[in-house]
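**Student:**
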Amino acid sequence: MFLGQTIHQKRLKKQLTQSELAAGICTQNTISKIEKKNLPPTIPILIKICLRLDLTLNELFTEFNAINAASDAGVIAAESALLAGDINPATEIIRNTDLTAANGSYPAIFFFFQGYLSYLNHKSELQIFSAYNTFTASISDEVSTLKLLLNTGMGLIYQDAGEQLASFYFNNNISYINQLTQLNTIDIQRVLFATRYTAEYLMNQDNLKEALALIENALKLSQQNQNIKQIDQLYYLKAIILKKSNGAFKAPLATALTFAEFLKNTALTDKINALK
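Here's what the structure looks like:
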């Protein structure tokens, strides 16, 4: 069980609101981050929370160890794989998780998994919007890069429907990406994912210059952080944009093929070979 889920269930059992649990200990926002994002507070604060919930640290960490650092890393790995195009790890997590459980308190990313996988599998718009609505409510940090995933997910829905509202979400991505600093590894993956879809949208709107600039910045970010995931798709998109603008596209296309073969991205490899 997740740390946040354990705290959430104990709080409900005590019939306490988040504000009541936080009173005199920390802020309500701290409790929210624990429950929704599994972000642990400092040890002194955690001890006080446990005392108020009649929960011993031994009980807490016995529960928490069921999803330990390795499992948390598994969720991050599943997200990273999904953003790069491999749906299987995230699909397995969602298949084994009851996100409708009344007493469930899951990381926000689970609801992105649900919404994005529903989109990829051509589920109903109602099902996709329902997942993204829960995802929205689960993002408590104003500067979280999860917002890039939300904007991208919503933008894709409206883009496929041919609605102008798509531009609102993709433009939000552009503004947000330009404000970001001090990115960790998964933040970088989210930026690259959002960049790919945003640049593709701009390209389809014939805004080729801005689309290319986004891709160039994403490639620079990848190189600065020695990141290889998604780089094959970035180079492919760069080549397509250049081809559409009558630019020199063969070099980035060849680079895309090299990375696609190295990353065993057979779908992209086939797509590139079809262009030759």
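Numbers 1 to 276, taken from the UniProt record's numbering, label the letters of the sequence shown in order. We put the CB at the ideal spot given by N, CA and C, even for glycine. These figures come from a predicted structure and were not determined experimentally.
Helix, strand or coil: which one does DSSP assign to Tyr197?
**Tutor:** To locate residue 197, count along the sequence shown from 1; it is residue 197. Correct three-state label for Tyr197: helix.
**Student:** Can you give the beta carbon distance from Ala73 to Ala81, rounded, assuming they're within the 8 Å contact cut?
**Tutor:** Here residue 73 refers to the residue found at position 73 of the sequence shown. Here residue 81 refers to the residue found at position 81 of the sequence shown. The Cβ separation is near 12 Å, so there is no contact.
**Student:** Among Ile174, Leu221 and Asp98, which residue has its Cα nearest to the Cα of Ile188?
**Tutor:** Position 188 of the sequence shown, counted from the first residue, corresponds to residue 188. Ranking Ile174, Leu221 and Asp98 by Cα distance to Ile188 puts Leu221 first.
**Student:** Only counting the same chain, and skipping five residues up and downstream in sequence, which positions put a Cβ closer than 7 Å to that of Leu165?
**Tutor:** Within the sequence shown, residue 165 is the residue found at index 165, counting from 1. Once the five neighbours on either side are set aside, the close Cβ partners of Leu165 are Tyr158.
**Student:** Please classify Thr195: is it buried, with 16 or more other beta-carbons within 10 angstroms of its beta-carbon, or exposed?
**Tutor:** Here residue 195 refers to the residue found at position 195 of the sequence shown. With 16 or more Cβ atoms within 10 Å of its Cβ, Thr195 is classed as buried.
**Student:** To the nearest angstrom, how far is the alpha carbon of Thr30 from that of Pro252?
**Tutor:** Locating residue 30 in the sequence shown gives position 30, counting from the first residue. Locating residue 252 in the sequence shown gives position 252, counting from the first residue. Distance between the alpha carbons of Thr30 and Pro252 is about 46 Å.
**Student:** Taking the alpha-carbon of Ser32 as reference, which of Lys14, Gly4 and Glu79 has the nearest alpha-carbon?
**Tutor:** Here residue 32 is taken as the residue at index 32 of the sequence shown, counted from 1. Out of Lys14, Gly4 and Glu79, Gly4 has the C-alpha closest to the C-alpha of Ser32.
**Student:** Phe110 to Val75, Cα distance in whole Å?
**Tutor:** Here residue 110 corresponds to residue number 110 of the sequence shown, with the count starting at 1. Here residue 75 corresponds to residue number 75 of the sequence shown, with the count starting at 1. The alpha-carbon atoms of Phe110 and Val75 are separated by roughly 9 Å.
**Student:** Between Gln230 and the rest of its own chain, which residues show a CB-CB distance below 6 Å, the 5 nearest in sequence each way excluded?
**Tutor:** Translated into positions along the sequence shown, residue 230 becomes position 230. Result list for Gln230: Ala84 and Leu192, in chain order.
**Student:** Looking at C-alpha atoms only, which residue of Ile25, Tyr106 and Ile45 is the closest neighbour of Gln9?
**Tutor:** For the purposes of this step, residue 9 is identified with residue 9 of the sequence shown, where counting begins at 1. When each option's Cα is compared against that of Gln9, the closest is Tyr106.
**Student:** Go through its chain and collect everything with a Cβ distance to residue 293's Cβ below 6 Å, but skip five positions before and after it.
**Tutor:** As displayed, the chain neither begins before 1 nor continues past 276, which places residue 293 out of reach and without an answer.
**Student:** Could you check what DSSP says for Lys14 in three-state terms: helix, strand or coil?
**Tutor:** Locating residue 14 in the sequence shown gives position 14, counting from the first residue. Three-state result, Lys14: coil.
**Student:** Would a C-beta distance cut-off of 8 Å place Leu234 and Ala218 closer than the cut-off?
**Tutor:** Taking the first residue of the sequence shown as 1, we reach residue 234 at position 234. Taking the first residue of the sequence shown as 1, we reach residue 218 at position 218. In this structure, Ala218 lies closer than 8 Å to Leu234 by Cβ.
**Student:** Three-state secondary structure (DSSP) at Pro107?
**Tutor:** Position 107 of the sequence shown, counted from the start, is the residue given in the question as residue 107. Coil, per DSSP.
**Student:** Would you give the residue range spanned by the alpha helix (DSSP H) that Glu216 belongs to?
**Tutor:** Within the sequence shown, numbered from 1, the residue matching residue 216 stands at position 216. Start and end: Leu208 to Gln224.
**Student:** If you draw a straight line from the C-alpha of Asp206 to the C-alpha of Leu268, how long is it?
**Tutor:** Taking the sequence shown and counting its residues from 1, one reaches residue 206 at position 206. Taking the sequence shown and counting its residues from 1, one reaches residue 268 at position 268. If you take the alpha carbons of Asp206 and Leu268, they lie about 23 Å apart.
**Student:** Would you mind stating whether Leu148 and Asn173 have Cβ atoms separated by less than 8 Å?
**Tutor:** Locating residue 148 in the sequence shown gives position 148, where the first residue counts as 1. Locating residue 173 in the sequence shown gives position 173, where the first residue counts as 1. A contact, by the Cβ cut-off of 8 Å.
**Student:** Look at the alpha carbon of Tyr119 and the alpha carbon of Asp54, and state the distance between them as a whole number of angstroms.
**Tutor:** Counted from its first residue, the sequence shown places residue 119 at position 119. Counted from its first residue, the sequence shown places residue 54 at position 54. Each residue's Cα considered, the two are about 42 Å apart.
**Student:** From this set, Lys271, Phe262 and Leu275, which residue's C-alpha is nearest Lys250's C-alpha?
**Tutor:** Reading the sequence shown from its first residue, position 250 is the one you call residue 250. Residue Leu275 is the option with its Cα nearest to Lys250.
**Student:** DSSP three-state label for Thr269, please.
**Tutor:** Counted from its first residue, the sequence shown places residue 269 at position 269. In the structure shown, Thr269 sits in a helix (DSSP, three-state: H, G or I).
**Student:** Go to Thr27, then tell me how far its alpha helix (DSSP H) extends in each direction, as first and last residue.
**Tutor:** One-based indexing of the sequence shown puts residue 27 at position 27. First-last for Thr27: undefined, no H or E at that position.
**Student:** Considering Phe170, what are the terminal residues of the alpha helix (DSSP H) in which it resides?
**Tutor:** As a first step, residue 170 is located in the sequence shown; it is residue number 170 there, counting from the start. Here the alpha helix (DSSP H) through Phe170 covers Leu165 to Gln179.
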